[in-house]
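Numbering (my numbering), first residue to last: -3 to 62.
No residue lacks a Cβ here, since even glycine has one placed at the ideal position from N, Cα and C.
Here's the structure we're looking at; comments come further down.
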Amino acid sequence: VDLSKRYPDKPMISVFMGGDWVADATEYLKDNGVPCYNFPEKGIKTLDALYQYSRHLKLPELKPPV
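Now the structure itself:
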């Protein structure tokens, strides 16, 4: 949580694969705006989507032909 507040422009996720054993930690992170996933695959897909979106934003704007 401290790192996510210190670097708000950087994507941060967490993956906890412990069910009830890690429920308190997961709830704490979610309450503080850090996305939590039960399996790494979902977290990786999220990071990939953020990466693809950032690449899209860097593309030059296309103007329609006149």
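Residue ranges of uninterrupted alpha helix (DSSP H) with 4 or more members, entirely inside the stretch 5 to 42 and ordered along the chain, are 19 to 27.
DSSP, read as helix, strand or coil, puts residue 55 in coil. With distances taken between CA atoms, residue 46 lies nearest to 8 out of 32, 8 and 16. Judged by DSSP in its simplified three-state form, residue 47 adopts helix.
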